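Student:
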Amino acid sequence: MTVPFDLSVAAAGLIAFAVLLYVVLDGFDLGIGILLPALADGEERDQALNSVAPVWDGNETWLVMGGALLFAAFPLAYALVLPATYPLIIAMLLALVFRGTGFEFRWRDPRHRRFWDFAVTSGSFVAALAQGIILGALIQGVSVRDRAYAGGWLDWLSPYSLLTGLGVVCGYVLLGACWLALKAEGKAEDHGYRIARLAAFAVAALMIAVSLATPFLFPQYYQRWFSTPSLWFVAPVPVLTGLAFVVLLGALAKRRPGKAFLAALALFLLGMAGLGISIFPAIVPPSVSIWDAAAPERSQHFVLVGALFIVPILLAYTGWAYWVFRGKVGTDGYH
Numbered sequence: 049m050t051v052p053f054d055l056s057v058a059a060a061g062l063i064a065f066a067v068l069l070y071v072v073l074d075g076f077d078l079g080i081g082i083l084l085p086a087l088a089d090g091e092e093r094d095q096a097l098n099s100v101a102p103v104w105d106g107n108e109t110w111l112v113m114g115g116a117l118l119f120a121a122f123p124l125a126y127a128l129v130l131p132a133t134y135p136l137i138i139a140m141l142l143a144l145v146f147r148g149t150g151f152e153f154r155w156r157d158p159r160h161r162r163f164w165d166f167a168v169t170s171g172s173f174v175a176a177l178a179q180g181i182i183l184g185a186l187i188q189g190v191s192v193r194d195r196a197y198a199g200g201w202l203d204w205l206s207p208y209s210l211l212t213g214l215g216v217v218c219g220y221v222l223l224g225a226c227w228l229a230l231k232a233e234g235k236a237e238d239h240g241y242r243i244a245r246l247a248a249f250a251v252a253a254l255m256i257a258v259s260l261a262t263p264f265l266f267p268q269y270y271q272r273w274f275s276t277p278s279l280w281f282v283a284p285v286p287v288l289t290g291l292a293f294v295v296l297l298g299a300l301a302k303r304r305p306g307k308a309f310l311a312a313l314a315l316f317l318l319g320m321a322g323l324g325i326s327i328f329p330a331i332v333p334p335s336v337s338i339w340d341a342a343a344p345e346r347s348q349h350f351v352l353v354g355a356l357f358i359v360p361i362l363l364a365y366t367g368w369a370y371w372v373f374r375g376k377v378g379t380d381g382y383h
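Quick note on the numbering used here: the sequence shown kicks off at 49 and runs consecutively.
Put into structure tokens, the structure is as follows:
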């Protein structure tokens with residue numbers, strides 16, 4: 049399949065880039081929130097949350113950017129995806145607010161710290177689960193008639209979407225555990241390695257399950273993965289995924305947290321690449337392509353020119369924040 053490179057492809061690539069950075073950056077701090085109950089109250093939890101405290105709210109910038117780009121560059125897709133997943137989007141946003149409140153108040157209101165820890169954990173879990181189910185609901189297809197959403201209130205709910213939801217939750221836990229091993233000391237670091245090993249096997253099992261189920265959702269998905277000549281182009285994705293998993297387990301066994309974190313990120317990148325291979329060039333599977341949903345050319349020009357200025361600024365301040373707070377969080381709670 050040949051794909052012409054035009055403004056619509058460029059805008060879709062920019063949205064994919066923003067979503068990828070959100071998953072990479074906010075994924076591990078959502079994972080820290082989800083695994084918080086597995087850590088001892090006190091020093092361990094303080095280290096875990098202090099490791100993401102300087103950056104967690106900035107990480108969500110990429111989610112806002114992805115949504116804004118979708119609205120500006122592909123308004124039809126925005127108008128279809130939102131009504132198809134309204135309950136999930138509302139749940140995700142409320143969960144992120146609840147989680148953020150927990151982050152801010154657990155140090156300012158120590159008498160109710162257990163409640164605020166619950167807010168962080170439950171908000172992180174619901175947000176991660178909602179994001180995974182939204183992903184599954186999109187891949188399994190959205191009912192469209194006359195350029196409008198034609199499905200029901202619960203069309204997003206299916207065994208496949210629940211499977212992808214659980215996969216994202218476990219994936220975020222893996223990222224969070226690797227981040228904890230990278231940034232914490234003492235018992236918190238040890239717990240990071242232990243949780244990461246368990247999460248790695250859960251992620252592997254769920255990736256295999258999703259990979260086996262996805263090609264059978266639509267004939268075009270199946271042809272993309274199992275017909276020649278496309279088969280020879282997509283075959284490296286599962287091979288590299290298996291290699292990344294082996295590298296991850298080796299890095300965890302040798303207690304090399306940086307390498308383990310990068311291997312976990314590679315698993316996410318390859319998983320997103322596999323799903324992208326399945327649905328492209330559809331932006332609302334199975335019937336709405338990026339060209340069908342695209343805004344007028346002048347609007348796309350405006351979006352892309354604006355992105356040329358905004359994206360480097362976002363990357364610069366994000367990189368600076370991580371550089372300033374590099375290194376481990378000590379047992380005293382400070383970098």
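Using N, Cα and C, we set each Cβ at its ideal position, and we do this for glycine too. Please read these numbers as outputs of a predicted model, since none were measured by experiment.
Closest to Arg-303 by CA distance: which of Asp-77, Ser-335, Leu-228, Leu-356 is it?
Tutor: For the residues Asp-77, Ser-335, Leu-228, Leu-356, the minimum Cα distance to Arg-303 belongs to Leu-228.
Student: Drop a sphere of 10 angstroms on the beta-carbon of Arg-147, count the other beta-carbons inside from all chains shown, and report buried for 16 or more, exposed for fewer.
Tutor: Buried: at least 16 other Cβ atoms inside 10 Å.
Student: Going straight from the alpha carbon of Leu-362 to that of Leu-254, what length do you get?
Tutor: For Leu-362 and Leu-254, the distance between alpha carbons rounds to 33 Å.
Student: Could you say which of Gly-224, Tyr-269, Ala-120, Ser-337 lies nearest to Phe-316 if we only look at CA atoms?
Tutor: For Phe-316, the nearest C-alpha among the options comes from Gly-224.
Student: Taking all protein chains shown into account, decide if Gly-375 is buried (16 or more other Cβ within 10 angstroms of its Cβ) or exposed.
Tutor: Per the 10 Å Cβ criterion, exposed.
Student: Return yes when the Cβ of Phe-122 is within less than 7 Å of the Cβ of Ala-341, no when it is not.
Tutor: Yes, the pair counts as a contact, with Cβ atoms nearer than the cut-off.
Student: To the nearest angstrom, how far is it from the Cα of Arg-156 to the Cα of Leu-141?
Tutor: So the two alpha carbons sit approximately 23 Å from each other.
Student: Anyone know if the C-beta pair for Thr-133 and Trp-204 falls short of 7 Å?
Tutor: Closer than 7 Å, so yes.
Student: Check whether the Cβ atoms of Ala-66 and Trp-110 sit closer than 7 Å, and answer yes or no.
Tutor: Yes, the pair counts as a contact, with Cβ atoms nearer than the cut-off.
Student: Around the C-beta of Arg-154, are 16 or more other C-beta atoms found within 10 angstroms, so that it is buried, or is it exposed?
Tutor: Per the 10 Å Cβ criterion, buried.
Student: In whole angstroms, what is the alpha-carbon distance linking Ala-176 and Leu-222?
Tutor: So the two alpha carbons sit approximately 13 Å from each other.
Student: Leaving out five residues on either side along the sequence, give the residues of the same chain with a beta carbon under 7 Å from the beta carbon of Pro-52.
Tutor: Low confidence applies to Pro-52: its pLDDT is 49, below 50, so where it sits in the model is not reliable, and the reading given next is rough at best. Answer for Pro-52: no residue qualifies.
Student: Determine contact between the stretch 122 to 131 and the stretch 71 to 79, defined as no fewer than three beta-carbon pairs at a distance below 8 Å.
Tutor: Touching, no.
Student: Mapping DSSP to helix, strand and coil, what is Arg-195?
Tutor: If DSSP states are grouped into helix, strand and coil, Arg-195 belongs with coil.
Student: Report, in whole angstroms, the separation of the C-beta atoms of Thr-289 and Leu-318, which I expect to be a contact under 8 Å.
Tutor: Thr-289 to Leu-318, Cβ: 5 Å. Contact.
Student: Suppose the cutoff is 6 Å on Cβ atoms and the five residues either side in sequence are ignored; what does the same chain contact list for Pro-334 look like?
Tutor: For Pro-334, where only same-chain residues beyond five positions count, the Cβ hits under 6 Å are Gly-189, Phe-266.
Student: For the stretch 299 to 345, which segments carrying the alpha helix (DSSP H) assignment without a break, of at least 4 residues, lie completely within its bounds, in sequence order?
Tutor: 305 to 327, 338 to 341, all fully within the stretch 299 to 345.
Student: What is the C-beta distance between Leu-323 and Ile-187, in whole angstroms, given that I count them as a contact (C-beta under 8 Å)?
Tutor: So it is a contact: roughly 6 Å between Cβ atoms.
Student: Counting C-beta neighbours from all protein chains within 10 Å, is the total for Tyr-382 16 or more, i.e. buried, or is it exposed?
Tutor: Any reading at Tyr-382 must be qualified, since the residue scores a pLDDT of 49, below 50, and its modelled position is unreliable; no value is offered.
Student: Given this structure, state the Cα-to-Cα distance separating Asn-98 from Ala-355, to the nearest angstrom.
Tutor: In a straight line, the C-alpha of Asn-98 is about 32 Å away from that of Ala-355.
Student: Taking the alpha helix (DSSP H) that Arg-374 belongs to, which residues open and close that run?
Tutor: Here Arg-374 belongs to no alpha helix (DSSP H), and DSSP marks it neither H nor E.
Student: Rounded to the nearest angstrom, what separates Val-145 and Leu-279 at their Cα positions?
Tutor: Roughly 43 Å between the two C-alpha positions.
Student: Relative to the C-alpha of Leu-352, which residue among Gln-95, Tyr-70, Gly-114 is closest?
Tutor: It is Gly-114 whose Cα lies nearest to the Cα of Leu-352.
Student: By the three-class DSSP mapping on this structure, what secondary structure does Phe-163 have?
Tutor: Correct three-state label for Phe-163: helix.
Student: Output the distance between the C-alpha atoms of Tyr-208 and Gly-199, rounded to the nearest integer angstrom.
Tutor: Whole-angstrom Cα-Cα distance: 17 Å.
Student: If contact is defined by three or more beta carbon pairs under 8 Å, each pair taking one atom from either stretch, is the stretch 77 to 96 in contact with the stretch 159 to 176?
Tutor: Judged by Cβ distances under 8 Å, the stretch 159 to 176 makes contact with the stretch 77 to 96, as three or more pairs qualify.
Student: Can you tell me whether DSSP reads Gln-170 as helix, strand or coil?
Tutor: A quick correction: the sequence has Ser, not Gln, at residue 170. Correct three-state label for Ser-170: helix.
Student: How would you call Phe-281, buried or exposed, if buried means at least 16 neighbouring beta carbons within 10 angstroms?
Tutor: The residue is exposed, with fewer than 16 neighbouring Cβ atoms inside 10 Å.
Student: For Val-287 versus Thr-212, is the C-beta distance shorter than 7 Å?
Tutor: No, these two residues do not count as a Cβ contact at 7 Å.
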